[in-house]
Structures are given as structure tokens and as C-alpha cells.
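Protein chains in written order, with this note's numbering: chain Y, 1 to 286; chain L, 287 to 552. Heads up, the beta-carbon is just placed ideally off N, CA and C, and yes, glycines get one too.
Listed below in C-alpha cells is the structure:
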């Protein structure tokens with residue numbers, strides 16, 4: 001069963017002067033096992049959308065179907081806790097949710113809440129910390145004295161330790177350096193491909209979307225404006241511009257070269273491939 | 287969060303909103319003192335009329351005053367029960383078995399209820415019509431004379447305005463952390479006592495960490511812009527008393543003196 005939104009709306013502060021419709025009759029389907037990017041401008045409703053996935057926010061209208069569960073606006077929701085175990089949601093700047101005395105305890109906090117024994121929880125925590133690149137020498141340190149990037153890794157490990165089937169990340173790489181960003185994105189791709197997790201990632205970084213994600217969902221003004229595979233989406237520079245999305249630099253370079261009359265073939269997705277093609281062209285015409 | 291009425295600023299366009307905060311604070315203090323004179327029902331009627339007039343002038347709705355008053359009702363009911371048990375003077379109103387309720391018990395409760403209502407009406411006239419920042423400016427100016435006896439007027443005002451400024455931020459932050467911990471399986475509503483303590487801890491520790499972080503950032507930002515406590519500063523907004531402010535003060539004084547005379551005569 002895929003994740004599906006049927007005619008979902010979410011209204012904040014309904015019935016007051018501050019009423020605000022963050023989601024407006026959204027219909028959406030997300031395939032399991034894919035890595036999907038949710039893009040859109042600030043205030044477009046991305047964060048509201050992803051918070052429906054683990055029922056932190058409930059729809060004011062419509063129905064959300066997720067992992068064999070149905071969350072309907074008109075019915076009182078059940079099994080919320082087990083849903084939250086199955087859908088791991090990593091918030092923006094998750095390092096602010098760390099609170100335990102040691103890194104290991106904090107990472108094991110999630111699995112323990114979902115009924116794991118202490119030993120099992122710590123085992124899972126260690127696995128998750130290893131995945132995010134936090135070595136055993138950090139296990140007994142206080143999470144509050146780590147660096148910003150390390151805190152982020154520990155916080156994400158805290159969600160991974162819950163072993164969710166669906167992983168939702170709200171701008172997980174905001175504020176990280178390029179190397180940190182790349183290693184994070186590689187990790188999410190690995191989780192998606194090797195452990196077959198469905199990954200949903202809210203981001204502004206089109207380079208990362210182009211490189212790592214299968215699908216792109218464009219959110220605009222609380223509505224789904226576009227949904228397509230990322231390879232197809234970025235192929236069309238006009239469509240990107242229309243959606244208010246700056247295409248990745250590689251695509252822009254290819255576009256520019258075509259304007260100058262070079263017959264750059266479609267389907268070049270990495271800098272290396274483009275460099276190889278250029279080298280070949282130079283040799284052929286040399 | 288939208289339901290709290292007591293102490294909240296309501297942006298409206300009225301004469302009272304335009305008045306000088308210093309005049310409003312002083313007038314409020316004077317009339318509040320008058321509420322505590324034992325002036326009897328006539329005095330309270332006069333004060334009620336005065337407060338009603340102010341509310342009318344400030345264009346606030348009766349519903350708003352009622353919402354500000356509502357949280358006090360439970361306290362009043364509690365008070366009525368205690369008075370009914372303790373006060374045994376005056377004629378008996380009614381009896382249930384061997385237990386009787388006396389008239390004075392009800393009257394005394396009513397007395398306190400009226401005073402409470404008056405106090406809420408009067409303070410609301412100030413808080414609902416004065417922006418928090420203007421209020422702190424007013425407090426700072428009113429505390430100025432006390433600097434001679436080493437009351438740090440400016441620092442107190444700065445503390446208050448910083449505290450006010452961070453309330454909405456901290457509410458947002460709390461909600462954010464709550465959501466993040468709920469995503470990790472924390473259940474804030476249900477669970478055993480031990481789980482509940484753990485849940486609250488998972489909320490308070492990050493909240494404190496971020497509050498301290500914010501405080502430090504703010505301190506650095508203020509210092510970077512050359513802020514020095516105790517140094518003389520100029521102000522962007524300079525308060526100025528106008529004719530209507532003096533009229534307000536005069537009215538407040540006359541009311542208070544009148545009530546005082548009435549209380550003395552009774």
C-alpha cells in the first residue's frame with residue numbers, strides 16, 4: 001500500500017482571525033521504496049505536509065492513507081504510537097531534541113519508547129550510530145558537548161534506531177558543510193537502496209535532489225503543483241523555471257552548451273559523464 | 287493559546303490606546319488603591335461606572351472582559367464554599383440538615399467578587415490598550431526618580447521587555463520540541479508516572495538548552511551593537527504627555543479622593 005493523500009486540507013487556527021490554510025485539497029500518492037524529494041518555497045506547506053505522515057498533524061479535511069492505516073479528518077485516530085514507530089520523522093535542526101546524559105542513551109530513547117528492552121534498544125542505537133558515522137568513543141559523552149554536525153548525526157541516529165519503514169526528513173542538511181551534506185545524502189540513499197526504506201526528504205538543494213532522489217514533488221501555496229521522476233523533471237529547464245525551481249548547475253551547463261550549438265546528449269547525470277563526453281568530442285574534432 | 291484574555295494587548299484605534307502609558311499606569315494605580323477603600327456599595331457603583339466608561343472609550347468588548355474574568359470564577363466558587371463554612375453572622379439564608387448558610391457569607395463573597403471584577407476591569411483598561419513595549423518605557427520613566435536610591439530603572443525595564451519579547455518564541459520552541467519528542471514515541475498524555483517524568487524531562491532539558499543559547503546570542507548581539515547597561519541612551523520613541531493624559535490623571539485622582547472621603551464618612 002503506497003502513501004496516499006485524498007483531498008486533504010489542513011487549516012491552522014480555524015475560526016479565528018489568524019485562520020490559515022496550509023494545505024488546500026491535496027491529492028498525492030507516494031510509492032513505497034522510492035526516495036522522494038519535496039520542494040517548494042518557504043511557507044508553501046512542505047512542513048505541514050510531512051507532519052501528516054506520522055499524524056503529528058491531523059487533516060482538517062480529507063483522508064491520509066499510510067502503511068495500511070487510515071487517518072480520516074472525521075474519525076478519532078487510533079494506533080498513533082505504532083504509526084510513529086513506523087514513520088520516523090526527523091525535524092529541521094533535530095539537534096535541539098537531544099536531552100539525555102549520554103549519546104548512547106539518547107539514541108536508545110526512541111526504541112525504548114516503542115517497547116524495546118534496554119539491551120535491544122542499545123543494540124539498535126549502536127547500529128544506528130555506526131550508520132551515521134558516530135564511533136564508540138562518543139557513546140558515553142554528553143550529546144550537548146558535541147559539535148553541531150555531530151549533534152545532527154546523533155539526532156538522526158535517534159530516529160534510525162527506531163527502525164522505521166518510512167523515513168521523513170525535514171531539511172536534514174540545512175547548515176551542514178558540503179562534505180557533511182554529501183555524506184548525509186549518501187547515507188539516506190543507502191538506507192533507501194540497501195534497507196529498502198521509503199525516504200521522503202524536504203529540501204531546497206536541487207543538486208542533491210537531482211543526484212539522489214527518484215521523484216520530485218513541487219508544493220506551491222498548499223497545493224501539489226507537480227509530481228514527476230526527478231530525471232524527467234530536471235530535463236525540462238522551462239518546467240523547472242515555471243515551478244520556481246533553479247535547475248542543478250550541471251543541467252544549466254548542458255542547457256548553455258546546447259544554446260551554443262553543442263549536441264549534448266540527454267541522460268548525462270554526473271559531472272564525470274559530462275567531462276568524459278566533452279573529452280571525447282574534443283578528441284573527435286581535434 | 288488564543289484563548290487567554292487577561293493581560294493581552296488588543297490593537298484597536300481609540301483615545302485610550304493613544305494615551306501616554308505613564309498617565310495610564312499612574313491612573314490605574316490610583317484607582318486600584320481606591321478599590322481597596324471600604325467605601326460600601328455606593329463607592330463600588332461609582333468605581334464600576336468609571337471603569338465601564340474607560341472600557342467604553344477604549345472600544346473593548348464586554349465579551350473580552352468576561353473572558354478575562356472567567357478563570358477567576360473557580361476561585362470565587364471556592365471562596366463561597368469556605369465563607370459558607372466559616373462565617374456564621376447575619377440572618378440564616380437556608381439550612382440543609384444541621385448546616386446553615388448565613389447571609390453575611392454570601393455578602394462577603396459578593397463583596398470580594400465585585401472588587402475582583404473592578405480590579406480586572408481597571409487593569410485590563412491598561413494592559414489591553416498599551417503595547418508591551420510602551421508599557422516598559424512607561425515603567426522605566428516612572429522608576430527614574432528612584433534611581434537616586436539605586437533602583438536600576440533602565441535595567442528593570444530592559445529585563446521586562448526582553449522577557450516579554452521571548453514569550454512567543456518560547457511557546458513556539460516548546461511546541462516544536464514536543465512534536466520532535468512525540469515523533470520519538472513520547473506520549474505526553476498517557477503513561478505511568480515514571481514515563482511521564484521522563485516525558486517532561488525530554489521537553490524541559492532541550493527547552494533550557496535552547497533558552498540559554500538564545501540568551502547568549504542576544505547578549506552577544508546587544509554587546510556587538512555597543513549596548514552598555516547604565517550608560518546614558520537616547521530613545522527612538524519619546525513619550526510626551528498631552529492634554530487628555532492630564533485629564534485622565536485628574537479624573538483618577540478626583541475619583542480616588544471622592545471614594546476616600548466616602549469611606550471615611552461611612
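Fewer than three pairs of CB atoms, one per stretch, sit closer than 8 Å, so the region 105 to 116 of chain Y makes no contact with the region 182 to 198 of chain Y. With a beta-carbon spacing of about 6 Å, residue 546 of chain L and residue 323 of chain L fall inside the 8 Å limit used to define contacts. Residue 100 of chain Y carries a coil assignment under DSSP once its states are collapsed to helix, strand and coil. Any Cβ of chain Y closer than 8 Å to the Cβ of residue 512 of chain L would place that residue at the interface, and such an atom is absent. Among the bridge pairs identified by DSSP, residue 88 of chain Y is matched with Y:167. DSSP lists L:381 as the bridge partner or partners of residue 386 of chain L.
Looking at the backbone, the Cα of residue 463 of chain L and that of residue 175 of chain Y are separated by about 19 Å. One thing to note: residue 103 of chain Y has its Cβ within 8 Å of the Cβ of residue 134 of chain Y. The Cβ atoms of residue 246 of chain Y and residue 271 of chain Y lie no closer than 8 Å to each other. Annotation: residue 93 of chain Y is outside any beta strand (DSSP E) and is labelled neither H nor E by DSSP. Note: residue 72 of chain Y is bridge-paired with Y:63 in the DSSP secondary-structure output. The closest CA to that of residue 162 of chain Y, considering only L:468, L:312, L:438, is found on L:468. Residues of chain L with a Cβ closer than 7 Å to the Cβ of residue 158 of chain Y are, in chain order, 470. Counted as a single uninterrupted DSSP element, the stretch harbouring residue 227 of chain Y is not any alpha helix (DSSP H) but the beta strand (DSSP E) occupying residues 223 to 229. Here the C-alpha atom of residue 414 of chain L lies approximately 4 Å from the C-alpha atom of residue 295 of chain L. Contact between the region 409 to 425 of chain L and the region 292 to 312 of chain L is established, with three or more Cβ pairs separated by less than 8 Å. Membership of residue 22 of chain Y in the beta strand (DSSP E) is indicated by the continuous run 20 to 30.
Residue 470 of chain L and residue 51 of chain Y have their alpha carbons spaced roughly 13 Å apart. Flagged as an interface residue toward chain Y: residue 463 of chain L, by a C-beta distance shorter than 8 Å.
Below 8 Å, enough C-beta pairs join the region 52 to 68 of chain Y and the region 78 to 85 of chain Y to call them touching: three or more.
Chain order gives the chain L residues near residue 94 of chain Y as 466, where near means a beta carbon separation below 8 Å.
Per DSSP, residue 183 of chain Y lies in no beta strand (DSSP E) segment; the continuous alpha helix (DSSP H) that holds it begins and ends at 178 to 194.
Of all residues in the region 106 to 119 of chain Y, only 109, 110, 111, 112, 113, 114, 115 come within less than 9 Å of chain L when Cβ atoms are compared, listed by chain position. Contacts between residue 487 of chain L and chain Y, judged by CB atoms closer than 8 Å, involve 99 in chain order. Looking from the CA of residue 407 of chain L, the closest CA among L:382, L:358, L:424, L:372 belongs to L:358. Taking a C-beta cut-off of 9 Å against chain L, none of the residues of the region 216 to 233 of chain Y qualify.
Note on residue 266 of chain Y: under 16 other CB atoms within 10 angstroms of its CB, so exposed under the neighbour-count rule. Chain L has no Cβ within less than 8 Å of the Cβ of residue 153 of chain Y.
A residue is called buried once 16 or more other Cβ atoms fall within 10 Å of its Cβ, and residue 32 of chain Y, having fewer, is exposed.
Under the criterion of beta carbons closer than 8 Å, residue 542 of chain L and residue 320 of chain L qualify as touching, at roughly 4 Å. Linking residue 6 of chain Y to residue 237 of chain Y through their CA atoms gives a straight-line distance of about 30 Å. Under the Cβ distance rule, residue 495 of chain L counts among the residues neighbouring chain Y, one pair being separated by less than 8 Å. Between residue 403 of chain L and residue 355 of chain L, the CB-CB gap stays under 8 Å. Residue-level contact check: residue 473 of chain L touches chain Y, since one or more beta carbons of chain Y fall below 8 Å from its beta carbon.
Where residue 120 of chain Y is concerned, there is no enclosing beta strand (DSSP E), although the alpha helix (DSSP H) around it starts and stops at 118 to 131.
Secondary structure at residue 427 of chain L: helix, using DSSP grouped into helix, strand and coil.
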